[in-house]
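In our numbering, the protein residues as written are 23 to 326.
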């Protein structure tokens, strides 16, 4: 396995940031690592890259243990933190040559040239990093993460803050890289996960709540389905939640609602009875295709 996480727990004093997390990522997989803010994603990524020690548990990256072989882990992993740490007063090419030197690479010039070509930095290579757009800075960050040809890439919010054009470009770049590398990718953009990732891991409040292919999660493995319904009048969410079988009521727009329910229960008769009891018109009703975003909301919504 390229990444193996076994019962990792991380405490900050009395606060438990990670609570008994276990999963594995095989060679060549591109895995989306999702969770609300504060769920523990960045903490786990820092543990896997040997920036932080866990309180308990163990992990290995590219076959090397994070405790006893931390230097090997660092040699075999490329890391792009959420806040891309770059030397803004260095030129692009100059910075990548510095990084290649820190890794002790032999043919530095050839490697820097290849990275510049691979991430599309050719026209910008002679510019100061501080003069680059956010999109090109992210490309520089990806280049430094890959310059030593690691087996595993760990990318923490690599497309955060990009405009739509930059987003498309960097997303396509990561997808190309994923054809050769194992990637663990943290993001809040569900469309990005569906476009790039083979598999999805979701954590909430430090605990793992889902681990499967995005297609499987959307198909209803969680035994949830959704019904899209439009009423002729206003209706309150708390009333909709009283309909037998309804687990979540989300307002789509106006009088249109999406009702999540157990897949084993057909809630349509109960919805019609609800409309009769409350003297509501039903203007439309249809099954709603589950998006990954819907799965994410169901798994991480606050428990009442």
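A virtual CB, placed ideally from N, CA and C, is assigned to each residue, including glycine.
Requested in this report: Please say whether residue 26 and residue 78 have beta carbons closer to each other than 7 Å?
Outcome: Sequence index remark: in the chain shown, residue 78 carries index 56 (1-based). Sequence index remark: in the chain shown, residue 26 carries index 4 (1-based). No, Cβ-Cβ distance for residue 78 and residue 26 is not below 7 Å.
Query raised in the report: How far does the alpha helix (DSSP H) with residue 131 in it reach, from first residue to last?
Result: If you number the chain shown from 1, residue 131 lands on position 109. Residues 130-140.
Query raised in the report: When we look at the beta-carbon of residue 177 and count the other beta-carbons within 10 Å, is it buried (16 or more) or exposed?
Result: Taking the first residue of the chain shown as position 1, residue 177 is located at position 155. The residue is buried, with at least 16 neighbouring Cβ atoms inside 10 Å.
Report task. Excluding the 5 residues preceding and the 5 following residue 39 in the sequence, name in chain order all residues of the same chain whose CB lies nearer than 8 Å to its CB. Result -> Along the chain shown, read from residue 1 onward, the residue named residue 39 stands at position 17. Hits under 8 Å: 32, 33, 62, 65 and 228.
Query raised in the report: What is the rounded straight-line gap between the Cα of residue 72 and the Cα of residue 283?
Result: Translated into the one-based positions of the chain shown, residue 72 becomes position 50. Translated into the one-based positions of the chain shown, residue 283 becomes position 261. Approximately 42 Å, taken between the alpha carbons.
Query raised in the report: Looking at the structure shown, is residue 151 part of a helix, part of a strand, or coil, going by DSSP?
Result: The count along the chain shown starts at 1 and reaches residue 151 at position 129. Residue 151 falls in the helix class under three-state DSSP.
Requested in this report: Please state whether DSSP places residue 33 in a helix, a strand or coil.
Outcome: Walking along the chain shown from the start, residue 33 turns up at place 11. Strand, per DSSP.
Query - 3-residue-minimum beta strand (DSSP E) runs that sit fully inside the segment 60-147, ordered along the chain - result: 78-83 and 99-102
**Report entry** Close-in-space but distant-in-sequence residues of the same chain around residue 103 (CB under 6 Å, 5 per side omitted)
**Finding:** In the chain shown, the residue the question calls residue 103 occupies position 81. Only 178 meet the Cβ criterion.
**Report entry** Closest by C-alpha distance to residue 168, when choosing among 130, 191, 111 and 183
**Finding:** Here residue 168 refers to the residue found at position 146 when the chain shown is read from its first residue. Among 130, 191, 111 and 183, the Cα nearest to that of residue 168 is on 130.
Requested in this report: Decide if residue 276 is buried, meaning its Cβ has at least 16 other Cβ atoms within 10 Å, or exposed.
Outcome: As a position in the chain shown, residue 276 is number 254, starting the count at 1. So residue 276 ends up on the exposed side.
**Report entry** Length of the line joining the Cα atoms of residue 319 and residue 149
**Finding:** Within the chain shown, residue 319 is the residue found at index 297, counting from 1. Within the chain shown, residue 149 is the residue found at index 127, counting from 1. Looking at the two C-alpha atoms, the distance is approximately 42 Å.
Requested in this report: Work out the CA separation of residue 205 and residue 278 for me, nearest whole Å.
Outcome: On the chain shown, residue 278 is found 256 positions in, with the first residue counted as 1. On the chain shown, residue 205 is found 183 positions in, with the first residue counted as 1. If I take the Cα positions, the gap works out to 39 Å.
Query raised in the report: So the alpha helix (DSSP H) residue 156 belongs to, where does it begin and stop?
Result: Residue mapping note: residue 156 aligns to position 134 of the chain shown, counting from 1. Counting along the chain, the alpha helix (DSSP H) containing residue 156 begins and ends at 156-168.
Query raised in the report: Would you report the Cα separation of residue 57 and residue 133, rounded to the nearest angstrom?
Result: Your numbering for residue 57 matches position 35 in the chain shown. Your numbering for residue 133 matches position 111 in the chain shown. Near 35 Å, if we compare the C-alpha coordinates of residue 133 and residue 57.
Query raised in the report: Is there contact between the segment 265-274 and the segment 288-308, where contact requires at least three CB pairs shorter than 8 Å?
Result: yes
**Report entry** Close beta carbons around residue 280, own chain, < 7 Å, minus the five adjacent residues each side
**Finding:** On the chain shown, residue 280 is found 258 positions in, with the first residue counted as 1. Result list for residue 280: 248, 250, 272, 274 and 310, in chain order.
Query raised in the report: For the segment 173-209, which segments carrying the alpha helix (DSSP H) assignment without a break, of at least 4 residues, lie completely within its bounds, in sequence order?
Result: 186-199
Query raised in the report: Is DSSP giving residue 250 helix, strand or coil here?
Result: Translated into the one-based positions of the chain shown, residue 250 becomes position 228. In the structure shown, residue 250 sits in a strand (DSSP, three-state: E or B).
**Report entry** Cut-off 6 Å between Cβ atoms - residues of its own chain near residue 306, not counting five sequence neighbours on either side
**Finding:** Looking up residue 306 in the chain shown gives position 284. Result list for residue 306: 252, in chain order.
Query - Counted within 10 angstroms of its Cβ, other Cβ atoms place residue 185 as buried (16 or more) or exposed - result: Looking up residue 185 in the chain shown gives position 163. Exposed is the call here.
Query raised in the report: Secondary structure at residue 46, three-state DSSP: helix, strand or coil?
Result: One-based indexing of the chain shown puts residue 46 at position 24. In the structure shown, residue 46 sits in a strand (DSSP, three-state: E or B).
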